[in-house]
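So the protein lines, in turn, are chains D and Y. Each residue of the first sequence is one higher than the last, beginning at 1 in the working numbering. Each residue of the second sequence is one higher than the last, beginning at 407 in the working numbering.
Number of protein chains: 2
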Amino acid sequence: MTFPVIGVVGGGQLARMMAPAATALGVRLRVLAEGADVSATTAAPCVVGDYRDLETLKDFAATVDVVTFDHEHVPAEHLRVLEAAGVNLQPGPEALQYAQDKLLMRQACDRLGLPNPEWAAVATVAELVAAGDRIGWPVVLKTPRGGYDGKGVRVLDSAAQAEDCRDWFALGFEALLVEQKVDFSRELSAQVARTPSGTTASYPVVESVQTDGVCDLVTAPAPGIDPRTAQAAEEAAVTLAEGLGVTGMLAVELFETPGVGPGFMVNELAMRPHNSGHWSMDGAVTGQFEQHVRAVLDLPLGSTDTLGAFTVMKNYLGGANEDLYSAFPTAMAAYPEAKVHAYGKSVRPGRKIGHVNVVAPLAEDLDAAREAAEGAAAIIRDGHRAQNEPGAQPAPDEHDEHQEQR
Amino acid sequence: MTFPVIGVVGGGQLARMMAPAATALGVRLRVLAEGADVSATTAAPCVVGDYRDLETLKDFAATVDVVTFDHEHVPAEHLRVLEAAGVNLQPGPEALQYAQDKLLMRQACDRLGLPNPEWAAVATVAELVAAGDRIGWPVVLKTPRGGYDGKGVRVLDSAAQAEDCRDWFALGFEALLVEQKVDFSRELSAQVARTPSGTTASYPVVESVQTDGVCDLVTAPAPGIDPRTAQAAEEAAVTLAEGLGVTGMLAVELFETPGVGPGFMVNELAMRPHNSGHWSMDGAVTGQFEQHVRAVLDLPLGSTDTLGAFTVMKNYLGGANEDLYSAFPTAMAAYPEAKVHAYGKSVRPGRKIGHVNVVAPLAEDLDAAREAAEGAAAIIRDGHRAQNEPGAQPAPDEHDEHQEQR
């Protein structure tokens, strides 16, 4: 039997959710986990080790057929050593650098002719002020590396606020990224899988609502999106996957900008399964985790056809309820159509600990699907139904914070 | 965190396929496996032990919150001891006996008013001959216990053939089951889940094509079935689940008998996920393995709505190709819509080693879905495409053996 073993660096929920897909295909997973209690440890065989240590990475790679990633934080210099030693890395360091470094990503988008916000690399407060004056305030300051879920990002309304960022220039980066604060209508995400052989498979472009800089609610496909914008965004994701040599899943987070350029601008890249693609686990013929498994093994990609008119994905973050399972009976009884996913993580405020998917078979089922996904997630997060039974609707303002740029 | 641990006795593919469902829900599985190399060992934490040994069962049960089963072969007397000791068995021995003993099952169907074939319990060749003369030859002789996938079953055309069965009466059973050989149009299967609290959820009745006594091809729902027959069959499965106190998944295998009784007769029972329900892994909102997990935990049951007009499930048995994975590229390239499931088992002729599901979004897609499921399964089984490219159609007679009764 030649069924391969996939090594995953990082034991978070993305590694965890690769396990069911691997099991279905008869493929084995082996995870290099940050600790004995991280998410993936109850779902797949794990070894505990530090992904920042080259020897640990080498030892791990020697036990698997291909190495892929739960996150983008493995040091690029280690990846280059592993690649030189013949380790099968998917994606490899040449591609990964564009997900690790936002300055390289902006340069690449320009090179590939994709719609960037106005941007500049700035090394001093004076350069930041000059760039802000040129681009027009407000602007967004970002560290090129190390940021995620809204961390390493700051919105600056004026040159005066730029003066407050003097400490950011002492973080050790040769330059920081400053960008136009895009006036967008909503956030979108375009996902594509690419194999080492070069084949690609695109998912429909989705709407992604962010709350406090964290992905919160996804609707797939993005309701009411201009078909030309959707097609251009899908093509942009393919262009990036091919142009940067991505293998596995690529997520391209986008700002929707109706009437400006092709109707979107590129926000960020992730080269792995992504929160904005969790809907596909229940809403597409081939979910993103199976697709990632196929891609890194250079197997033919599966169909990305959808299984309903829409699928809604709602995250639940750590909240009042510390005993998630105790709320399952209430949530499942209220919403038998809800696909409940739990990550095996302990509850901490604001921590991503699970999500709920609901498929809307027909377009007119979208509101009901959103209510079910939000209702089930709220019950699990809070431990009980909302006051306004039976819908468990979110508070009216809950999703209005997505105007804040990540 | 109070997420429970489910213990599964038996490490076959049914235990294996519970693992992804458990992982999604954050629930843990622990398997009592027959050996270190059985199917489930690469998908879930396993301990190796003999399910026929009471002390092994006791020790295993002490490490989990609920015990369920991959098969029906655990000795009933052991289950009664465990139950008396307070072990949470789902299903319990009172229910399981009807899946373990075909004579008890026939009696129960009579008691519940469900359509049985003509049958009798016979303890001698003379009683067998008398029963055959009364029922009318041919008849089917079955051992009450220990048979599966066509084993422990023999078709007898005449009293003379009954004389050849003298050794069957020396197998140690107090009586054997003899049944009318039903003149059926096709085989059907009705599945229902039931929780300890008594809630039930029915799946649509499916068509199941058997080849050499082994489930081969399933179409869900059964195409062209009389709606009254479908409803009566669903109700019969619920009647059995409630009347016998079943918990978890129940499969009721049926003979379709148009114009006779309600249009079907009961063939066999299985109290666990069943081959005739594998389609639901990709074709229903809640697959049978997740439903079984929910049921044995007494969680509310999930929606059994279908995700397409039809779903086709095709088994692949061990064949010419001993290196299954080597055929995946060809199969997946030809059929991107195929959901390939592999059980992590070594290849032996005729052994169930995997299956393929294909969803037909619309009714007119059924033929294409069947071709895709059969085509992908054939490539994996044979290691290459069939001669008549590109369809990889089965030989015309391949499925004509289903007239042979199990």
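No residue lacks a Cβ here, since even glycine has one placed at the ideal position from N, Cα and C. Nothing here was measured: the structure is a model prediction, and the numbers come from that model.
Residue from the options with nearest C-alpha to residue i
| i | options | result |
| --- | --- | --- |
| R428 (chain Y) | Y:F475, Y:P410, Y:V444 | For the sequence presented, residue 428 (chain Y) should be read as Ala rather than Arg. Looking at the Cα atoms, Y:P410 is the closest of the given residues. |
| G578 (chain Y) | Y:G552, Y:P602, Y:T601 | Y:G552 |
| K557 (chain Y) | Y:Y457, Y:I785, Y:G619, Y:D711 | Y:G619 |
| D50 (chain D) | D:A33, D:E94, D:K345 | D:A33 |
| Q100 (chain D) | D:L14, D:M271, D:R381, D:E371 | D:M271 |
| G651 (chain Y) | Y:P602, Y:N673, Y:F734 | Y:P602 |
| A369 (chain D) | D:V359, D:A377, D:A378 | D:V359 |
| L534 (chain Y) | Y:E662, Y:P550, Y:R572 | Y:R572 |
| L112 (chain D) | D:V206, D:A284, D:A236, D:G308 | D:A236 |
| E371 (chain D) | D:T257, D:M313, D:G277, D:H274 | D:M313 |
| V699 (chain Y) | Y:D465, Y:V473, Y:A468 | Y:V473 |
| V266 (chain D) | D:S189, D:Q97, D:S303 | D:S189 |
| A430 (chain Y) | D:V64, D:H73, D:H278, D:Y203 | D:H278 |
| G604 (chain Y) | Y:Q637, Y:G667, Y:A529, Y:A701 | Y:A701 |
| L114 (chain D) | D:G261, D:P93, D:A334 | D:G261 |
| D589 (chain Y) | Y:A532, Y:F661, Y:A638 | Y:F661 |
| N681 (chain Y) | Y:G724, Y:T625, Y:L705, Y:C515 | Y:T625 |
| A536 (chain Y) | Y:E489, Y:Q513, Y:V584, Y:D516 | Y:V584 |
Own chain, CB closer than 8 Å to residue i, minus 5 neighbours either side, in chain order
| i | result |
| --- | --- |
| Q180 (chain D) | P117, E118, W119, I135, G136, V139, V140 |
| T200 (chain D) | V192, A193, R194, V238, A241, E242, L301 |
| S445 (chain Y) | G417, G418, Q419, A421, R422, Y749, G750, K751 |
| V97 (chain D) | Checking the sequence, you will find Gln at residue 97 (chain D) rather than Val. A76, L104. |
| A230 (chain D) | P204, V205, P221, A222 |
Residues bridged to residue i [DSSP beta-bridge criterion]
| i | result |
| --- | --- |
| L188 (chain D) | D:E207, D:L254 |
| M313 (chain D) | D:V218, D:N357 |
| K548 (chain Y) | Y:V559, Y:L583 |
| F409 (chain Y) | Partner(s): none; F409 (chain Y) has no beta bridge. |
| A120 (chain D) | D:V178 |
| L818 (chain Y) | Outside the shown range of chain Y (407 to 812) lies residue 818 (chain Y), about which nothing can therefore be said. |
| T678 (chain Y) | Contrary to the premise, residue 678 (chain Y) reads as Arg rather than Thr in this sequence. DSSP, once it has assigned bridges, lists no residue as partnering R678 (chain Y). |
| T437 (chain Y) | With the sequence shown as reference, residue 437 (chain Y) is identified as Val, and Thr is not the correct amino acid for it. According to DSSP, which records beta bridges pairwise, V437 (chain Y) is partnered with Y:V414, Y:C452. |
| H341 (chain D) | D:H355 |
| T606 (chain Y) | Y:R600 |
| T306 (chain D) | D:A284 |
| M249 (chain D) | D:A193 |
| G724 (chain Y) | Y:P755 |
| M265 (chain D) | D:F255 |
7 Å Cβ shell around residue i - same chain, five flanking residues per side excluded
| i | result |
| --- | --- |
| L54 (chain D) | H78, V81 |
| G287 (chain D) | A21, S280, M281 |
| V48 (chain D) | A33, G35, A36 |
| Y741 (chain Y) | A778, G781, A782 |
Outcome for residue i when other beta-carbon atoms lying within 10 angstroms are tallied against a minimum of 16
| i | result |
| --- | --- |
| R592 (chain Y) | buried |
| D688 (chain Y) | buried |
| R757 (chain Y) | exposed |
| L89 (chain D) | buried |
| S564 (chain Y) | exposed |
| E659 (chain Y) | buried |
| E163 (chain D) | exposed |
| L582 (chain Y) | buried |
| G354 (chain D) | buried |
| R348 (chain D) | exposed |
| T447 (chain Y) | buried |
| R613 (chain Y) | Note that residue 613 (chain Y) is Glu in the sequence shown, not Arg. Buried: at least 16 other Cβ atoms inside 10 Å. |
| A409 (chain D) | Nothing about residue 409 (chain D) can be read from this structure; chain D reaches only from 1 to 406. |
| E478 (chain Y) | buried |
| L768 (chain Y) | exposed |
| V155 (chain D) | exposed |
Cutoff 6 Å; reference residue i; Cβ partners in own chain excluding five residues on either side
| i | result |
| --- | --- |
| V410 (chain D) | Residue coverage of chain D in this structure runs from 1 to 406, which leaves residue 410 (chain D) outside it and unanswerable. |
| Y316 (chain D) | G354, A377, I380, R381 |
| P390 (chain D) | At P390 (chain D) the pLDDT is 49, less than 50, meaning the model places this residue with poor confidence; the figure from the coordinates comes in the next sentence. Taken in chain order, the list of residues that qualify is empty. |
| P679 (chain Y) | L420, M655, Q694, F695, H698 |
| D816 (chain Y) | Absent from the model: residue 816 (chain Y). The displayed extent of chain Y is 407 to 812, so no value can be given. |
| A331 (chain D) | A376, I379, I380 |
| S303 (chain D) | V285, T286 |
| G492 (chain Y) | none |
For the pair the segment 731-744 of chain Y and the segment 781-792 of chain Y, tell me if three or more CB-CB distances fall below 8 Å. yes
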